Amino acid sequence: MQPTLFLSDLHLSPDRPATAAAFEAFCAGPARAAAVIYVLGDLFDWWIGDDQLDEPFAARVAAALRGVTDAGVRVHVMQGNRDFLYGPRFERATGAALLPEQLVIDVDGVATVLLHGDELCTSDLDYQRYRARMRTAETRRRLLALPAFVRRWIARSLRSKSRDQSALKPESILDVANDAVVATFRAHGVARMIHGHTHRPAAHAMDVDGRRCERHVLPDWRDRAAWLEIDAG
603 MQPTLFLSDL
613 HLSPDRPATA
623 AAFEAFCAGP
633 ARAAAVIYVL
643 GDLFDWWIGD
653 DQLDEPFAAR
663 VAAALRGVTD
673 AGVRVHVMQG
683 NRDFLYGPRF
693 ERATGAALLP
703 EQLVIDVDGV
713 ATVLLHGDEL
723 CTSDLDYQRY
733 RARMRTAETR
743 RRLLALPAFV
753 RRWIARSLRS
763 KSRDQSALKP
773 ESILDVANDA
783 VVATFRAHGV
793 ARMIHGHTHR
803 PAAHAMDVDG
813 RRCERHVLPD
823 WRDRAAWLEI
833 DAG
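Residue numbers for the sequence shown follow this note's numbering, so the first one is 603 and each next one is one higher.
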């Protein structure tokens, strides 16, 4: 049985050539042995709109993904906190299908909820207000109406601001909130959760209303490929 692969937080950028090389090697090798691949957000360090595909680096990444889908592997991409402006052109260029913010799938007989994970960090009230504002259809429309160079400047400014603010916040605020995790398990009635965002890879076991549940946190990519693989057994 071919495995199902889960990855997130690659933060691909021309400024990180080793990570880009690791991604291309992944697409040329392990990815093609999979049945399905789920990218759970932040594939790119930022995505300013599908016209980013006119840039050589984004086109290179899209071509690597296209090679995987052309080989018959299904690829699904979820929007993260850095790359929530994907559109139809991205899907056509890569052959990948965009996912909703949360999705329940069956993986080897286990109902599993997939999400990027930033919505679980509810202790960070400033970020949650920002997230709610940025994810509206109206904000998306206004952003995409701006010239590309303005969107790129906004993306870089937001990234710099986020980095500065995160350095000043307690570690506990930057991680997921347990009550948000429990609420998500309850809402979907599943026994497994897979997400990224926090860059704190781990496997957590927990009890939710007498039900044994597991939460897998995906690693970010730091000059190397890293993913979760689930196959039969």
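Yeah, the Cβ is synthetic: ideal placement off N, Cα and C, and Gly gets one too. Source: prediction; values computed, not measured.
Check                                                                                                          : Outcome
Burial state of Gly835, where buried means 16 or more other Cβ atoms lie within 10 Å                           : exposed
Candidates Trp755, Gly719, Ala699, of which the one nearest Asp611 by Cα                                       : Gly719
Gly643 classed as buried or exposed, judged by whether at least 16 other C-beta atoms fall within 10 angstroms : buried
Tyr732 in three-state terms, based on DSSP                                                                     : helix
Environment of Asp672 [buried if 16+ CB atoms lie within 10 Å]                                                 : exposed
Whole-number beta carbon distance between Arg737 and Phe686, since they are thought to touch under 8 Å         : 7 Å
Span separating the alpha-carbon of Ser762 from that of Leu820                                                 : 23 Å
Sequence-distant residues of its chain with Cβ nearer than 8 Å to Val709 (five each side left out)             : Thr606, Arg794, Ile832
Sub-9 Å separation of Asp652 and Gly697 beta-carbons                                                           : no
Span of the alpha helix (DSSP H), counted from its first residue to its last, around His790                    : 780-790
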